[in-house]
Amino acid sequence: MIPFRVQFRSGISLFEQIVYAATKAMVSGQMRPGDAFPSVRALSKELKINPNTAHKVVAHLVAEGLLETRPGIGTVVAALPDSTRKERTQLLGHEIEELVVAAMRLGIPREEMLAAIGEHWQRLSSSETKASGKQAEEGRKQR
Numbered sequence: 056m057i058p059f060r061v062q063f064r065s066g067i068s069l070f071e072q073i074v075y076a077a078t079k080a081m082v083s084g085q086m087r088p089g090d091a092f093p094s095v096r097a098l099s100k101e102l103k104i105n106p107n108t109a110h111k112v113v114a115h116l117v118a119e120g121l122l123e124t125r126p127g128i129g130t131v132v133a134a135l136p137d138s139t140r141k142e143r144t145q146l147l148g149h150e151i152e153e154l155v156v157a158a159m160r161l162g163i164p165r166e167e168m169l170a171a172i173g174e175h176w177q178r179l180s181s182s183e184t185k186a187s188g189k190q191a192e193e194g195r196k197q198r
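Count along the sequence shown starting at 1, add 55, and that's the number in the numbering used here.
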C-alpha cells in the first residue's frame, strides 16, 4: 500500500499528479524523514501505471532531494529543509480554488465558509488527537 493518495484527474499528466501527491505527503508530515517510499514496482502496481512512469516519479523526487536511496534499505524520505508557509499553502492552491468556486456557486458568503472550515478543522483536529492517543495506548499494551 502506498502511503499517499492520488486522485487522478483528466488533463494533467499522471507523472505530475503522482509527484504532487507524494510531495504533499512529505511536506505535510504525512510521510516523515526515514519512512520507506514504495519501490517502482509497488508504485506501478498500486497506482496501475506504467513502470517507466513510476521510475520517472521516483527519479524526479530523488533529484529534487525529497527522497534518498540507501544501499540495502531502499528509497526513503529525505530530511526536508523547513518549508515556508507560502510553499505549504501553494500545495493546496488547486483544492482551495475549487472550494472557493463551489462556495461562490452555492452563494455561501466568505464568513460562513471560513466558519465552516474552522468547524471541520476543529473536528478533525480532535479526532486526530484521539487517534494518536489510542495508537500510543496500543503501543504500551504490546510492550
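Backbone N, C-alpha and C fix where the C-beta goes; we use that ideal spot for every residue, glycine too. From a predicted model like this one, the values you see are computed outputs, not experimental measurements.
Judged by beta-carbon spacing, L146 lies within the 9 Å limit of T78, meaning their Cβ atoms are closer than that value. An exposed status is given to A114, since fewer than 16 other beta-carbon atoms sit within 10 Å of its beta-carbon.
Going by C-alpha positions, G89 is about 30 Å away from Q177. Straight across, the Cα-Cα distance linking A170 with V74 is about 32 Å.
Judged by DSSP secondary structure, R60 falls outside any beta strand (DSSP E); it is assigned neither H nor E. Taking C-beta atoms as the reference points, L122 and F92 count as a pair closer than 9 Å. In this structure, A157 sits away from R165, with a CB-CB distance that is not shorter than 9 Å. With contacts defined as CB atoms closer than 9 Å, S83 and R143 qualify as a contacting pair.
DSSP lists V132 as the bridge partner or partners of L122.
For M56, same chain residues with a beta-carbon under 6 Å away, outside a window of 5 residues either side, do not exist. Around the beta carbon of I104, 16 or more other beta carbons lie within 10 angstroms, which makes this residue buried.
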